[in-house]
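Novice:
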Ligand SMILES: [Zn+2]
Ligand SMILES: [Zn+2]
């Protein structure tokens, strides 16, 4: 890919092609931007309308698509994927995520904020210039509700956070741990849904990404960039999705839920069996892929991928 593409709406010089800017880093207009946040040109949701549910019949309910859909342009360079960015650049992206999260949670209509990234055609992205997205909705996702139900049951039973206990147990067993830093654990979860599924979990307990201390985003940037770099090298720049799995804005102090970042490489296709059964065929064991990743990180020359290398050696 070229470093700059004149037809790309995310490249510098084409700022007028995106709707009015919501955030720019650095904020100073005289400096060239490193990260921009803009409304999505083709939003899935908009803030006009009523969030009330309407009954259309005994079994049919609907509500207007009220919400916010934003795009985070992660770099001015057309051809730099996140796996090859500097830590400072990734940290700026994470700061932008958090600033937008905090701004949007002020709107009491918005209960749930999903921040995610699609990379590569198989992930569903339509633009190659590195970017991520944020969607804020008046309802919590079913997927989050299911996870919260399990975590809440566990908390009611034993009085501890399921994810805090998961970290302790996985560190003891060490089979699925890829790396451990002072602030984070990187692991391939037991019974992963897809091959090379990778979770970055903060060791400290915060239910919400919005509550995570901004001062620690630098540490998250380091382990995230190094994880993506290692996947890039192990799997030859794979397509992937990542999502920041956080609580609703109303449950940010929840003792039972624990935010984390989930990376799903798109190496296999979801097909009839998965659709028909809700069961996922994973062709590689997480214990094996975790080991492969640890070995790969240690084989990088010089100071490449230091977070994983130092943490695994
Ligand atoms: Zn571009
Ligand atoms: Zn916890």
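Residue numbers (the working numbering): 16 to 328. We put the beta carbon where it would ideally sit given N, CA and C, even for glycine.
Output needed for residue 186: all residues of its chain with C-beta closer than 8 Å, excluding positions within five of it in sequence on either side, in chain order.
Specialist: Taken in chain order, the residues that qualify are 192, 195 and 200.
Novice: Just list the residues that DSSP pairs residue 283 with in beta bridges.
Specialist: According to DSSP, which records beta bridges pairwise, residue 283 is partnered with nothing at all.
Novice: Tell me the rounded alpha-carbon separation between residue 323 and residue 241.
Specialist: Whole-angstrom Cα-Cα distance: 7 Å.
Novice: What number of angstroms, rounded off, separates the C-alpha of residue 30 from the C-alpha of residue 304?
Specialist: 41 Å
Novice: Give, in chain order, every unbroken run of the alpha helix (DSSP H) that is at least 4 residues long and sits entirely within the segment 53–131.
Specialist: Runs found: 102–119.
Novice: To which residues of the same chain is residue 166 closer than 8 Å at the C-beta, ignoring the five residues directly before and after it?
Specialist: 176, 177, 178, 271, 272 and 273
Novice: Buried or exposed: residue 160, going by 16 or more other Cβ atoms within 10 Å of its Cβ?
Specialist: exposed
Novice: With a CB to CB cut of under 8 Å and the five nearest residues on each side skipped, what residues in its chain are close to residue 234?
Specialist: 196, 197, 198 and 199
Novice: Distance, Cα to Cα, residue 76 vs residue 94?
Specialist: It is roughly 44 Å from the alpha-carbon of residue 76 to the alpha-carbon of residue 94.
Novice: Could you please give me the residues that DSSP links to residue 260 through a beta bridge?
Specialist: 275
Novice: Find the nearest neighbour of residue 269 within the set 133, 299 and 223, judged by alpha-carbon distance.
Specialist: 223
Novice: Using alpha carbons as the reference points, say which of 266, 307, 253 and 49 lies closest to residue 154.
Specialist: 266
Novice: Determine which residues share a DSSP beta bridge with residue 217 and list them.
Specialist: 199
Novice: Bridge partners for residue 133 per DSSP, in chain order?
Specialist: The secondary-structure analysis by DSSP pairs residue 133 across a beta bridge with 256.
Novice: Once DSSP output is grouped into helix, strand and coil, what is the label at residue 320?
Specialist: coil
Novice: Count the other C-beta atoms from every protein chain shown that fall within 10 angstroms of the C-beta of residue 113, then say buried if there are 16 or more, exposed otherwise.
Specialist: buried
Novice: Measuring from each Cβ to the nearest heavy atom of ligand 2, keep the ones under 7 Å and list them in chain order.
Specialist: Working through the chain, the matches are 176, 178, 179, 220 and 273.
Novice: What are the residues that DSSP puts in a beta bridge with residue 314?
Specialist: Note: residue 314 sits in no beta bridge, so no partner.
Novice: Rounded to the nearest angstrom, what separates residue 104 and residue 55 at their Cα positions?
Specialist: 22 Å
Novice: Nearest to residue 121 by CA position, among 173, 143 and 83, is which residue?
Specialist: 83
Novice: According to DSSP, is residue 173 helix, strand or coil?
Specialist: helix
Novice: Within a Cβ cutoff of 8 Å, which residues of the same chain sit near residue 288, ignoring the five residues on either side of it in sequence?
Specialist: 294 and 296
Novice: What did DSSP end up calling residue 240 once you bin it into helix, strand or coil?
Specialist: Helix.
Novice: Just the C-alpha distance for residue 22 and residue 91, rounded to the nearest angstrom, thanks.
Specialist: 14 Å
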